[in-house]
Amino acid sequence: GENVEQHPSTLSVQEGDSAVIKCTYSDSASNYFPWYKQELGKRPQLIIDIRSNVGEKKDQRIAVTLNKTAKHFSLHITETQPEDSAVYFCAALSVGGGADGLTFGKGTHLIIQP
Amino acid sequence: GAGVSQSPSNKVTEKGKDVELRCDPISGHTALYWYRQSLGQGLEFLIYFQGNSAPDKSGLPSDRFSAERTGGSVSTLTIQRTQQEDSAVYLCASSLAQGNEQYFGPGTRLTVT
């Protein structure tokens, strides 16, 4: 089955600086890679996703890059703000490949220092 | 429109009792997923329903766990003879189809004493 590794487990950055979270996956058949943000006591919410037919996707301050050859993908947040503080999860799925649900990384606790 | 809803929001039960958790997906979403999140941990996939099709149960942690989806809409996750290690937040998600954005419900926090 799929295995997703996520690093770092905790990341502290100064407000205004950039934050990068990295994930690797094991199943070359995976073709859908979402990122979820989870605030304390809340449900996970999708912030951006990427499919294997593109290498990069941006949405305002958030971007995701995918390297299929190396089987890793990264989340980039620029100009960080206090409201970016949360736990971020990466995930992978092989759509149509038999794996039925998302395989998640263990999460990164992002702390934005004022 | 309404999002994914789950009930109850909290459930405290004694070890050995059975519990039933309910999920109402977003109307029109054919795909429904159950995940489990233990304290401070990531999300563990349990089971997936596509419409009324029989699900692959291999992701369920033990044979004490079962799930069903009636009429392609509401789903229930049942845990029999609960154990303390079953304590977790059980999250349901739905999507238009597999591979589309999954929208999560608020979860049911299960505590087994």
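Quick note, the sequences are listed as chains A and B, same order.
Under the working numbering, the letters of the first sequence match residues 297 to 410, in that order.
Under the working numbering, the letters of the second sequence match residues 19 to 131, in that order.
Beta carbons are placed, not taken as given, at the ideal position from N, Cα and C, and that holds for glycine.
Taking DSSP's pairing of strands, which residues face Ser93(B) in a bridge?
Cys41(B) and Arg87(B)
For Ser56(B), three-class secondary structure by DSSP:
coil
Flag this pair as yes or no: are the beta carbons of Tyr332(A) and Arg347(A) separated by less than 8 Å?
no
Given Leu125(B), which residues of its chain have a CB within under 7 Å of its CB, disregarding the five upstream and five downstream residues?
Per the sequence presented here, residue 125(B) reads as Gly, with Leu not at that position. Result list for Gly125(B): Gln24, Val107, Tyr108 and Leu109, in chain order.
With 16 other CB atoms within 10 Å as the buried threshold, where does Asp313(A) fall?
exposed
From which residue to which residue does the beta strand (DSSP E) around Asp355(A) run?
Glu352 to Asp355
Taking only beta-carbon positions, decide if Phe83(B) is within less than 8 Å of chain A.
no
Thr361(A) and Ala315(A): beta carbons closer than 8 Å?
no
Between the CA atoms of Ser56(B) and Gln102(B) - distance to the nearest angstrom
12 Å
Relative to the alpha-carbon of Pro43(B), which residue among Lys33(B), Asn118(B), Leu128(B) and Phe122(B) has its alpha-carbon at the smallest distance?
Phe122(B)
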